[in-house]
Amino acid sequence: MTSSVPGTPAASVLDLAPVVPVVVLEDAADAVPLARALVAGGLPAIEVTLRTPAAMDAIRAIAAEVPNAVVGAGTVITPGGVADAVAAGARFLVSPGWTDALLDAMAASGVPFLPGVSTTSEVVALLERGVREMKFFPAEAAGGVPYLKSLAGPLPQARFCPTGGVGPANAPAYLALPNVGCVGGTWMLPGDAVATKDWTRVEKLAREAAGLR
């Protein structure tokens with residue numbers, strides 16, 4: 000079981016870009032200009048978290064109006080959320096953790112997915128289910144770079160997208176690990192820039208993030 004995204008040259012969600020912006024939108028009207036800025040900056044994979052009422056409309060708008068974006072849904076925690084996100088146009092799914100029911104729904108969704116893990120046992124359980132690509136969350140609180148470095152020896156087949164406490168200062172250390180494909184973060188989306196709709200600044204920060212590898 001892989002996380003490949005049909006219609007892209009990348010073999011996996013983890014290979015689309017070194018950084019996946021984690022987007023929390025209060026206003027769906029911001030979705031399209033924000034996504035265009037991120038894509039222009041070199042970050043095509045965009046995770047819109049299902050934390051706000053605007054999230055599904057935001058995913059729907061990006062999917063319809065920003066063809067170069069690969070929009071995904073984050074904070075997916077229920078089978079219903081899986082179905083709604085895919086129906087809205089999400090091309091990948093990300094969860095902060097997983098249960099058997101959630102994993103079954105994501106596996107049946109027809110789109111790639113990154114279930115969240117924070118312990119070795121969770122990683123082994125997913126490998127047993129044929130899942131090799133995962134979100135490591137909350138990355139810094141769960142052990143950070145040293146923890147993932149320790150996992151690379153006994154579990155080299157697992158690949159990760161660390162998210163949670165990752166920023167421009169520590170992202171290069173994560174990206175240097177052999178079992179890390181990309182990182183997730185919000186630093187290219189500062190609240191004041193989104194509030195003032197300063198998409199030029201967002202594009203600049205995205206370009207800097209895209210150059211971390």
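If you're matching positions, the sequence shown starts at 0 in numbering that gives the first Met the number 0 and goes up one per residue.
Beta carbons: idealized from backbone N, C-alpha and C, even for Gly.
Quick caveat, the model's predicted, so the values are computed rather than measured.
Tell me whether V21, by its Cβ, gets closer than 8 Å to a heavy atom of the ligand FAD. Because no ligand of any kind appears in the structure shown, any question about the ligand FAD cannot be addressed here.
Beta-carbon contacts of T1 that lie in its chain and below 6 Å, excluding the five residues immediately before and after: The sequence position of residue 1 within the sequence shown is 2, counting from 1. With a pLDDT of 47 at T1, under the threshold of 50, the modelled position of this residue cannot be trusted; read the value that follows with caution. Excluding positions up to five away in sequence, the list is empty.
Specify, as a first and last residue, the run of the alpha helix (DSSP H) that E64 falls within. Translated into the one-based positions of the sequence shown, residue 64 becomes position 65. That run of the alpha helix (DSSP H) goes 54-64.
Exposed or buried, which one is G129 when buried takes at least 16 other CB atoms within 10 Å? Position 130 of the sequence shown, counted from the start, is the residue given in the question as residue 129. Exposed, because fewer than 16 other Cβ atoms sit within 10 Å of the Cβ of G129.
Judging by CA-CA distance, which residue of A86, A87, T74 is the nearest neighbour of F135? To locate residue 135, count along the sequence shown from 1; it is residue 136. Checking every option, the nearest Cα to that of F135 belongs to T74.
Should V182 and P17 be called a contact, given that it needs their Cβ atoms to be closer than 9 Å? For this step, residue 182 is matched to residue 183 along the sequence shown. For this step, residue 17 is matched to residue 18 along the sequence shown. Closer than 9 Å, so yes.
Exposed unless 16 or more other CB atoms sit within 10 angstroms - verdict on N178: As a working mapping, residue 178 is identified with position 179 in the sequence shown. By the 10 Å Cβ count, N178 comes out buried.
Hey, could you find the ends of the alpha helix (DSSP H) M133 is sitting in? Position 134 of the sequence shown holds residue 133. Not the alpha helix (DSSP H): M133 falls in the beta strand (DSSP E), residues 132-135.
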